[in-house]
Structures are given as structure tokens and as C-alpha cells.
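Residue numbers (UniProt numbering): 1 to 156.
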Amino acid sequence: LKDDNESGTTADSAHGSGASSINKQRSPVDAGADCYIVRVTLEKSLQGDVNYETLYKSVKLENCDRTRDLIKKALAKHNVNASADQFSIVQILPDGKQLQLPEQANAFYAAANRMEKMTFMLKKRELGSTPSVQRSDSRMSSNLSRWSSTGTLAFV
């Protein structure tokens with residue numbers, strides 16, 4: 001996918017209007033962007049014996065990509081043959097904090113995308129970790145137990 005402005009010319013100068021050429025490269029944070037090129041790294045425990053600080057791979061994040069799609073693309077780029085279900089992905093924010101992308105979310109819209117470079121990290125799921133869906137099930141079951149014990153549904 002090539003941006004019209006990648007060559008360094010505007011649409012006007014490309015059509016011979018004589019307007020001066022201004023380099024208008026699309027930023028990864030353009031409001032009208034339908035995809036971003038993001039950087040993805042592996043957490044240190046997945047890097048094996050390789051002795052480098054950080055290795056990033058560029059991945060195309062499209063506006064239709066779910067979190068699982070982004071994980072699959074990142075695994076393929078890093079040549080990791082494993083199921084996407086075994087991984088989660090976090091966005092590394094400028095202050096060093098990590099934003100975990102929800103499991104069922106559209107990753108394109110869930111990411112904090114107002115940064116010059118968006119950086120993500122693939123993490124191996126811990127054994128026995130519960131997906132967020134199961135947490136909502138526990139809330140539902142506690143509401144159901146309140147309902148069944150009182151005979152009426154109480155809105156909380």
C-alpha cells in the first residue's frame with residue numbers, strides 16, 4: 001500500500017499545476033488513517049538466548065484488526081510458531097507504563113494512537129490466567145445469586 005505522498009510530491013504538483021512540492025508524509029497518527037505501522041517486540045522471556053536489548057518488527061495494524069489479529073501478525077513477523085491464544089499484547093506508553101489491549105477489542109481503536117511511534121510487546125499468557133470474559137461471568141453469577149436469594153432482581 002503506497003501513500004500518494006510517499007514520493008515527496010503533492011497531488012497538485014503530480015498533476016502539473018506548478019505548485020511547489022511540499023513533502024507531506026502521512027504520520028502514523030493522522031486522523032483519517034485506516035492503518036498504522038506499529039513496532040512489536042517480544043518480552044525478554046521469549047527472546048531466548050539472543051543478547052540484544054530490544055528487537056522490534058514492523059507490523060501493519062489495520063482498522064479492522066482485532067487484538068488476536070495483531071497478535072497473529074506479530075507472531076508471524078517474529079517467526080514464532082505458536083497459537084495466538086497463548087499470548088497477550090500490551091502497548092508501551094511514553095511514560096513506560098503498559099496498556100493491555102482487551103482480548104476481544106478492535107486493536108486499531110483500543111490502542112492509544114496519538115503517539116509518533118506506537119510500540120507493542122507480545123507477552124506469554126501465564127498458566128491459569130483468566131480472560132476478562134470470565135471476570136464478567138463472576139459478576140453476573142454474584143448478581144444472579146442476589147436475585148435468587150431475594151426473589152427480585154436488584155440493579156446495582
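Heads up, the beta-carbon is just placed ideally off N, CA and C, and yes, glycines get one too.
Keep in mind it's a predicted model, so treat the numbers as computed, not measured.
What is the DSSP secondary structure of residue i, reduced to helix, strand or coil?
i, result
"Y36", "strand"
"S45", "helix"
"residue 173", "Any property of residue 173 remains undetermined from this structure, which presents the chain solely from 1 to 156."
"Q25", "With a pLDDT of 42 at Q25, under the threshold of 50, the predicted position of this residue should be treated as unreliable, and no value is reported."
"D65", "coil"
"K117", "coil"
Identify every residue that forms a DSSP beta bridge with residue i.
i, result
"E126", "Answer by DSSP bridge pairing: none, since E126 is not bridged."
"S60", "Sequence check: residue 60 is Lys here, not Ser. Partner(s): I37."
Could you work out which residue in the options is closest to residue i when comparing CA atoms only?
i, options, result
"Q86", "L75, N79, N113, L93", "L75"
"K57", "Q98, K123, N79", "N79"
"Q91", "A111, K77, A105", "A111"
"G96", "C64, K77, N63, T119", "T119"
What whole-angstrom Cβ distance do residue i and residue j have, given they're in contact under 8 Å?
i, j, result
"P94", "M115", "6 Å"
For a minimum of 3 consecutive residues, which ranges assigned as the beta strand (DSSP E) are wholly contained in the segment 81–114? 87–92, 98–100
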